[in-house]
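Asks: This is the structure I have questions about; it appears just below.
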Amino acid sequence: MIRILKKALAAVIMLLFLFPQPALASKSQDYDYVLDKNVRVPIPRTYKADRVISYLGEEIGYMKGAEDLFIDRQGILYVADTGNNRVLKMTGSGEVLGVFTGPKEKPMKSPRGVYVDDDGDIYVADTENGRVLHLSPYGDFVEEFTRPESDLLHETVSFDPNKVFISSTGYLYVIRGRQFMMIDAYNRFRGYAGADQVGFSLNDLLVRIFASDEQKSRLQRREPPSYINFVIHEDGMIYAVSAGSSNQIKKLNSVGKNIYPSGQYGEVEEDAEAKEPAFADIAVDRNGIISVLDWKLGKVYQYDQEGNLLTVFGGIGAVKGKFESPSSLVVDRDGNIYVLDRGRNNIQVFAPTKFIRDVHEAVMLYANGDYAEALVKWEEVLKTDANYTLAHRGIAKALYKDEEYLRAMEEYRIGDDQEGYSLAFEEYRHEFFRGSFGLLVLAFILLIYILYKVFMLMKKAAKKEQLKDTVWHGEVI
Numbered sequence: 023m024i025r026i027l028k029k030a031l032a033a034v035i036m037l038l039f040l041f042p043q044p045a046l047a048s049k050s051q052d053y054d055y056v057l058d059k060n061v062r063v064p065i066p067r068t069y070k071a072d073r074v075i076s077y078l079g080e081e082i083g084y085m086k087g088a089e090d091l092f093i094d095r096q097g098i099l100y101v102a103d104t105g106n107n108r109v110l111k112m113t114g115s116g117e118v119l120g121v122f123t124g125p126k127e128k129p130m131k132s133p134r135g136v137y138v139d140d141d142g143d144i145y146v147a148d149t150e151n152g153r154v155l156h157l158s159p160y161g162d163f164v165e166e167f168t169r170p171e172s173d174l175l176h177e178t179v180s181f182d183p184n185k186v187f188i189s190s191t192g193y194l195y196v197i198r199g200r201q202f203m204m205i206d207a208y209n210r211f212r213g214y215a216g217a218d219q220v221g222f223s224l225n226d227l228l229v230r231i232f233a234s235d236e237q238k239s240r241l242q243r244r245e246p247p248s249y250i251n252f253v254i255h256e257d258g259m260i261y262a263v264s265a266g267s268s269n270q271i272k273k274l275n276s277v278g279k280n281i282y283p284s285g286q287y288g289e290v291e292e293d294a295e296a297k298e299p300a301f302a303d304i305a306v307d308r309n310g311i312i313s314v315l316d317w318k319l320g321k322v323y324q325y326d327q328e329g330n331l332l333t334v335f336g337g338i339g340a341v342k343g344k345f346e347s348p349s350s351l352v353v354d355r356d357g358n359i360y361v362l363d364r365g366r367n368n369i370q371v372f373a374p375t376k377f378i379r380d381v382h383e384a385v386m387l388y389a390n391g392d393y394a395e396a397l398v399k400w401e402e403v404l405k406t407d408a409n410y411t412l413a414h415r416g417i418a419k420a421l422y423k424d425e426e427y428l429r430a431m432e433e434y435r436i437g438d439d440q441e442g443y444s445l446a447f448e449e450y451r452h453e454f455f456r457g458s459f460g461l462l463v464l465a466f467i468l469l470i471y472i473l474y475k476v477f478m479l480m481k482k483a484a485k486k487e488q489l490k491d492t493v494w495h496g497e498v499i
């Protein structure tokens, strides 16, 4: 009997292995995706974890709590190795070219930002020393920028730079809460840039009218969220990420106005508690594709210049392609994304797949006015993923520009773009009336003629009836 039971149990186990079991959903899905009304929609793989830069040799060892990453035009990486009080210079494959610690009499202390100009000069946000350190390409001390002496700066204003960039005008930009402090080459204060505006609503107006003095005071003290990180792009624009639940991505023009589309970027992940986006860094490639890094969720979110989400990849985890506590990211001229992880003390390099390269090319073709070529490229994207919503919207935009409004309406419908559909419908309606104006006039004239003939026939028939009535009721004299 026992032998029979053992055989039966073995048979059941074998059957279980023969039939594949549905995978259990995990909190950290192992796929790239986009968001459709905050619902994750899987898409083909967009970036592949290509290599990891970690151990840097016996003399240099590992990075420690590194906070910032910079890449120059030649693809050379610079790391603000915060915990080791140094800046590392290395190739994209991890070969160390230099280790810089600053002047001996006053070495770096917890540097949190690094920038390199076109001449190779290095600027370090030496945070704990309250300065921006200027080094030569070989790491020799050149000068330092400290808190500027100015009557325009309140005495309580501190100077503890954590991120640094230099504009095309030669001004040094450092984050100062909700704006950027500008300093010239002579360490003189040149004002602030990028001060964000707090929105005003009908609710705010009602509060001002009916609220108590305390409530009004709280409204007056309301301030915009602080900047977290930024880059100054080749086009001269400042791209920045800020705290908050909306409008976290900003593109500031020469007068400091945000011209990037308003919206909620990133996502809120429901867990034991809701996790709002916590962006740590932003990178913009030479074509204007924007990648932002969420250090809490360990995700990279990528957008185009219109605020459309192209892909989301990454996540928290202990495997290749996942992160522990990512702190910075950069993108090279080939589209590879480098992500610095201060938790794991490494850099992971992600190579773009053909799918996302096609998406980028389609976006760029449309932006450059090559609508017909953009349409062809979007159609290629759909061959890989027929459900990629942005491709349908891209095709619709290209058709709209080509004045094929009826086809554009259908693509907008598939892409769930109501605003685009309405625009195409209006143009189609106008085009229909313009193209059919002659026929409509002819039809109107014909209708008037028919109505006239009917009226005349009815009038004639009425006269006949009247004559009949006269004959019927009258007498011959």
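Take this note's numbering: the last position of the sequence shown gets the number 499, and nothing is skipped along the way. The beta-carbon is built from N, C-alpha and C at its ideal position, and this holds for glycine as well. Since we're looking at a predicted model, the values are computed, not measured.
1. DSSP three-state label for residue 261, please.
2. Compare the beta carbon distance of residue 381 and residue 332 with 7 Å and say whether it is the shorter of the two.
3. Report the three-state DSSP secondary structure of residue 344 (helix, strand or coil).
4. Between the Cα of residue 388 and the Cα atoms of 378, 399 and 379, which residue gives the shortest distance?
5. What's the gap between the Cα of residue 349 and the Cα of residue 88?
6. Do residue 301 and residue 322 count as a contact pair if the criterion is CB distance below 7 Å?
7. Assuming residue 202 and residue 136 form a contact by the criterion Cβ under 8 Å, report the distance between their Cβ atoms to the nearest whole angstrom.
8. Just to confirm the assignment, what range does the beta strand (DSSP E) spanning residue 272 have?
9. Work out the CA separation of residue 158 and residue 138 for me, nearest whole Å.
10. Where DSSP assigns a beta bridge to residue 308, which residues make up the other side?
11. Using 6 Å as the cut-off, classify the Cβ of residue 152 as near or not near the heavy atoms of the ligand NAP, replying yes or no.
12. Residue 121 and residue 134: beta carbons closer than 7 Å?
13. With contact counted as at least three CB pairs below 8 Å, one residue from each stretch, are the stretch 349-369 and the stretch 410-425 in contact?
14. If you measure between the beta carbons of residue 147 and residue 183, is that distance less than 7 Å?
15. Less than 7 Å separating the beta-carbons of residue 406 and residue 377?
16. Around the Cβ of residue 96, are there at least 16 other Cβ atoms within 10 angstroms (buried) or fewer (exposed)?
17. Please state whether the Cβ-Cβ distance between residue 341 and residue 305 is less than 7 Å.
18. What number of angstroms, rounded off, separates the C-alpha of residue 484 from the C-alpha of residue 478?
19. Under the assumption that residue 9 contacts residue 346 (Cβ atoms under 8 Å), give the Cβ distance between them as a whole number of angstroms.
20. How is residue 198 classed by DSSP in three states: helix, strand or coil?
21. Looking only at its chain, what residues have a beta carbon closer than 7 Å to the beta carbon of residue 386, apart from the 5 residues adjacent to it on each side?
22. Of the residues 303, 65, 200 and 105, which one's Cα is nearest the Cα of residue 52?
23. Can you find the residues in the same chain that come closer than 8 Å, C-beta to C-beta, to residue 433, ignoring five residues on each side of it along the sequence?
24. Rounded to the nearest angstrom, what separates residue 72 and residue 409 at their Cα positions?
25. Tell me whether residue 355 is buried or exposed, calling it buried when 16 or more other Cβ atoms sit within 10 Å of its Cβ.
26. Helix, strand or coil for residue 15 per DSSP?
27. Under 8 Å by Cβ, that's how I've got residue 171 and residue 155 pegged, so tell me the actual separation to the nearest angstrom.
28. Residues bridged to residue 123 by DSSP?
29. Let's test the definition: count the other Cβ atoms within 10 Å of the Cβ of residue 276 and tell me whether it reaches 16, buried, or not, exposed.
30. Checking 7 Å against the spacing of the C-beta atoms, do residue 144 and residue 118 come in under that value?
31. Keeping to the same chain, check which residues put their C-beta closer than 8 Å to that of residue 141; ignore five residues upstream and five downstream.
32. So, are the CB atoms of residue 116 and residue 86 less than 7 Å apart?
33. Should residue 210 go down as buried or exposed, given a rule of 16 or more other Cβ atoms within 10 Å for buried?
34. Go ahead and pull the three-state DSSP assignment for residue 480.
35. Quick one: residues in its chain with C-beta nearer than 7 Å to the C-beta of residue 253, no 5 flanking neighbours on either side, listed in chain order?
36. Would you call the CB atoms of residue 193 and residue 173 closer than 7 Å?
Replies: Taking the geometry as given:
1. Of the three classes helix, strand and coil, the one that applies to residue 261 here is strand, per DSSP.
2. Contact flag set, yes.
3. Here residue 344 carries a coil assignment [DSSP, helix/strand/coil].
4. From the listed residues 378, 399 and 379, the smallest Cα separation to residue 388 is found for 399.
5. The straight-line gap from Cα to Cα measures roughly 8 Å.
6. No.
7. The C-beta separation of residue 202 from residue 136 comes to about 17 Å, leaving the pair out of contact by the 8 Å criterion.
8. Per DSSP, the unbroken beta strand (DSSP E) holding residue 272 starts and ends at 271-274.
9. Cα to Cα, the separation comes out at about 10 Å.
10. For residue 308, which the question treats as bridged, DSSP gives no partner whatsoever.
11. This structure lacks the ligand NAP; in fact it carries no ligand of any kind.
12. Going by C-beta atoms, residue 121 is not nearer than 7 Å to residue 134.
13. No, the stretch 349-369 does not touch the stretch 410-425.
14. In this structure, the beta-carbon distance from residue 147 to residue 183 falls below 7 Å.
15. Their beta carbons are under 7 Å apart, which means residue 406 touches residue 377 by this criterion.
16. An exposed status is given to residue 96, since fewer than 16 other beta-carbon atoms sit within 10 Å of its beta-carbon.
17. Remark: C-beta atoms of residue 341 and residue 305 do not approach each other more closely than 7 Å.
18. If I take the Cα positions, the gap works out to 10 Å.
19. A query on residue 9 cannot be resolved here, the shown segment of the chain reaching from 23 to 499 and no further.
20. In the three-state DSSP reduction, residue 198 falls in the strand class (E or B).
21. Counting only Cβ-Cβ distances below 7 Å, and skipping sequence neighbours, we find 309.
22. Closest by alpha carbon: 65.
23. The answer, listed in chain order, is 414, 415, 417, 418 and 421.
24. Distance between the alpha carbons of residue 72 and residue 409 is about 27 Å.
25. By the Cβ neighbour-count rule, residue 355 is exposed, with fewer than 16 other Cβ atoms within 10 Å of its own.
26. Missing from the structure shown is residue 15; the chain here goes from 23 to 499 and no further.
27. Separation of the CB atoms of residue 171 and residue 155 is rounded to 19 Å, and the pair is thereby denied contact status at 8 Å.
28. For residue 123, which the question treats as bridged, DSSP gives no partner whatsoever.
29. So residue 276 ends up on the exposed side.
30. Contact flag unset, no.
31. Excluding residues within five positions, the ones whose Cβ falls inside 8 Å are 159.
32. No. Outside cutoff.
33. It is exposed - the Cβ of residue 210 has fewer than 16 other Cβ atoms within 10 Å.
34. The answer is helix: DSSP assigns residue 480 an H, G or I state.
35. Around residue 253: 187, 261, 304, 305 and 306.
36. Inclusion of residue 193 and residue 173 in the CB contact set at 7 Å is not warranted, their separation being larger than that value.
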